[in-house]
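Okay, structure first, notes after.
Number of protein chains: 2
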Amino acid sequence: MPEDVTDELLVLLLRQLTVESDRFAEMFGEAHGLHRTDLNALAVIMDAARMGDPMSPSRLADALHLSASATTSVLDRLERAGHLNRDRSATDRRKVELRMHDQARRIGAEFFLPLGESFSAAWRDLGEDERRTVARFLRSSIAATVEVRGRLAP
Amino acid sequence: MPEDVTDELLVLLLRQLTVESDRFAEMFGEAHGLHRTDLNALAVIMDAARMGDPMSPSRLADALHLSASATTSVLDRLERAGHLNRDRSATDRRKVELRMHDQARRIGAEFFLPLGESFSAAWRDLGEDERRTVARFLRSSIAATVEVRGRLAP
DNA sequence: AACGAATATTTCGACCATCGAAATAGTAAA
DNA sequence: TTTACTATTTCGATGGTCGAAATATTCGTT
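Right, dumping it as C-alpha cells:
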C-alpha cells in the first residue's frame with residue numbers, strides 16, 4: 009500500500025529541512041568564527057560579485073534587513089578577519105565597493121561544495137519528470153510564502 | 009521543449025525557499041513583539057505540549073542550542089508577555105514545567121494557519137505520485153543536510 | 001561657480017540577547 | 001545526615017543591533 013502524502017506531512021518535512029539547514033549554517037559559522045549575519049553577508053556579496061556588479065554597504069543593508077550602522081559593523085568584522093576590503097568607487101567617491109578575498113571565496117566553497125555534492129548524490133535517482141515536479145513544488149511553495157507575507161505587510 | 013531541471017536550479021530554489029520563510033518568520037515576530045528565538049521556543053514548547061509531555065527549561069535549552077541562562081531570559085520574556093507560565097513539577101521540585109497560554113496558541117495558529125492554507129492551495133494540483141516524489145525529495149535532502157553536518161561535527 | 005539639498009557611509013551612545021561562572025534549591029545515595 | 005549530583009536562576013561581561021548625529025561627496029539650481 010503506497011504512502012499517503014498529506015499536506016501536513018509536506019509542511020512537516022519542509023520545517024525539518026529548514027531546521028536542519030539552519031543548524032548546518034550555525035555549526036559552519038561557529039567553526040569559522042562567523043556569525044549568522046556574517047555568513048549571510050558573505051553569501052550576498054559573493055552572489056553579487058558573480059553577477060559582475062560589486063555590492064555596496066547600503067545595498068547589503070537592504071538585502072540583510074539591517075540598519076546602516078549594523079551593516080558597518082558586519083563589514084568591520086569581515087574586513088578585520090581579512091575576508092574582504094572596501095574600495096571607494098572611482099566614479100562616485102561616496103560609494104564603497106565591497107570585494108571579497110580569495111580566502112573568503114575558499115570558505116564559501118568549503119561551505120557549499122560538500123552540501124552540493126551531498127544533495128546531488130541524494131537526487132541522483134530522480135528522473136527528469138520527477139525533477140520538474142519538484143521544481144514546480146518548490147516554486148509554488150516560494151510563491152505561497154511570499155503571498156502570505158505580502159498579506160501580513162500592510 | 010521541457011525545462012531541464014539541474015541540481016544547481018534545485019539548490020537555488022531551496023535557498024530561495026529558506027530565505028523567504030525566514031523573512032516571513034521575521035516579519036511575523038516583529039508584528040507580535042517576539043524575537044526569532046522566542047518564536048522558535050514557542051514552536052518547540054507547542055510541539056512538546058501536543059505530544060503530551062511538557063517541556064522543561066533544560067530540554068528547551070538543548071532544543072534551541074542555547075545556554076541555560078539564555079533560556080531563562082527567553083522564558084522570562086515569554087512569561088512577562090503572558091504567553092506561558094512556569095509550574096514547578098509536583099514529583100521533582102527541581103524541575104519546571106512550561107505551559108502555554110491559549111493566547112500563545114492563538115498566536116501560533118495565526119502564524120501557521122494562513123501559511124498552511126496558502127501551501128495547500130499551492131499544492132492542490134499535485135497528484136498522488138507527484139506528492140510521493142516530493143516527499144522523497146524532501147526526505148533525501150534532509151538526510152543529505154544531516155549527513156554533511158555530521159561530517160563537520162567531530 | 002557656488003550654495004543648499006540629497007545621498008552614502010561611518011561614528012556614537014544605548015539597549016538587550018547571549019554567554020560562562022557562581023549561587024540557589026532540590027534529590028539521591030552512602 | 002552528609003556528600004554528590006541535577007535543575008534552574010542570578011550576576012557580570014561581551015558584543016550585535018539600533019537610531020540619531022556626524023562626515024564626506026555629488027547633484028541641481030541659480
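One line per chain: the protein sequences are A and B, in this order.
Each residue of the first sequence is one higher than the last, beginning at 9 in the working numbering.
Each residue of the second sequence is one higher than the last, beginning at 9 in the working numbering.
Cβ atoms here follow ideal geometry from the backbone N, Cα and C, with glycine treated the same way.
Given the structure is predicted, the values throughout are model-derived calculations rather than measurements.
Item, Value
"Enclosing alpha helix (DSSP H) for residue 133(B) [first to last residue]", "Note, residue 133(B): premise wrong, no alpha helix (DSSP H); not H, not E."
"Minimum Cβ-Cβ distance from residue 87(A) to chain B less than 8 Å", "no"
"Partners in chain B for residue 69(A), counting only beta-carbon separations shorter than 8 Å", "The premise fails here: residue 69(A) is roughly 15 Å from chain B at the closest Cβ pair, so nothing lies under 8 Å."
"Cross-chain neighbours of residue 99(B) in chain A, by beta carbon under 9 Å", "Ordered by position in chain A, no residue passes the 9 Å Cβ test against residue 99(B), which lies about 31 Å from the chain."
"For residue 82(B), the first and last residue of its enclosing alpha helix (DSSP H)", "76-88"
"Distance between residue 36(B) and residue 10(A) (C-alpha atoms, nearest Å)", "37 Å"
"Residue-level contact to chain A via CB, residue 114(B), 8 Å cutoff", "no"
"Per-residue burial, residue 91(B) [other beta carbons within 10 Å of its own, 16 or more giving buried]", "buried"
"Inter-residue spacing [alpha-carbon to alpha-carbon] between residue 126(B) and residue 154(A)", "10 Å"
"Neighbouring residues, chain A, relative to residue 58(B) (Cβ below 7 Å)", "Simply none; closest approach about 12 Å."
"Reduced DSSP secondary structure (H/G/I, E/B, other) of residue 19(B)", "helix"
"Limits of the unbroken alpha helix (DSSP H) element including residue 50(B)", "44-59"
"Local Cβ density within 10 Å of residue 16(B), reported as buried at 16 or more and exposed below that", "exposed"
"Below-8 Å beta-carbon distance, residue 24(A) vs any chain B residue", "yes"
"C-beta atoms of residue 106(B) and residue 68(B) nearer than 8 Å", "yes"
"Contact under 8 Å by Cβ, residue 45(B) with residue 65(B)", "no"
"Where residue 90(B) meets chain A, residues with beta-carbon distance less than 8 Å", "Within 8 Å Cβ-Cβ: nothing; residue 90(B) doesn't reach chain A, min ~22 Å."
"Residue burial classification, residue 141(B) (beta-carbon count within 10 angstroms, cutoff 16)", "buried"
"C-beta contact flag for residue 112(B) and residue 74(B) at 8 Å", "no"
"Stretch pair the stretch 21-40 of chain B + the stretch 130-139 of chain A: three plus CB contacts closer than 8 Å", "no"
"8 Å Cβ cutoff met for residue 52(B) and residue 59(B)", "no"
"Whole-Å CB distance - residue 150(A) paired with residue 28(B), under 8 Å assumed", "6 Å"
"CB contact check: residue 35(A) to chain B, cutoff 8 Å", "yes"
"Under 8 Å between C-beta atoms of residue 94(A) and residue 83(A)", "yes"
"For residue 96(A), three-class secondary structure by DSSP", "strand"
"Separation of residue 121(A) from residue 61(A), as counted between CA atoms", "23 Å"
"Inter-residue Cα distance where the pair is residue 145(A) and residue 101(A)", "45 Å"
"Per-residue contacts from residue 73(B) into chain A (C-beta, under 9 Å)", "31, 34"
"For residue 125(B), three-class secondary structure by DSSP", "helix"
"Residue 101(A) - partner residues in DSSP beta bridges", "Partner(s): none; residue 101(A) has no beta bridge."
"Residue 49(B) CB to nearest heavy atom of the ligand MN below 7 Å", "Absent from the structure shown: the ligand MN. Ligands present: none."
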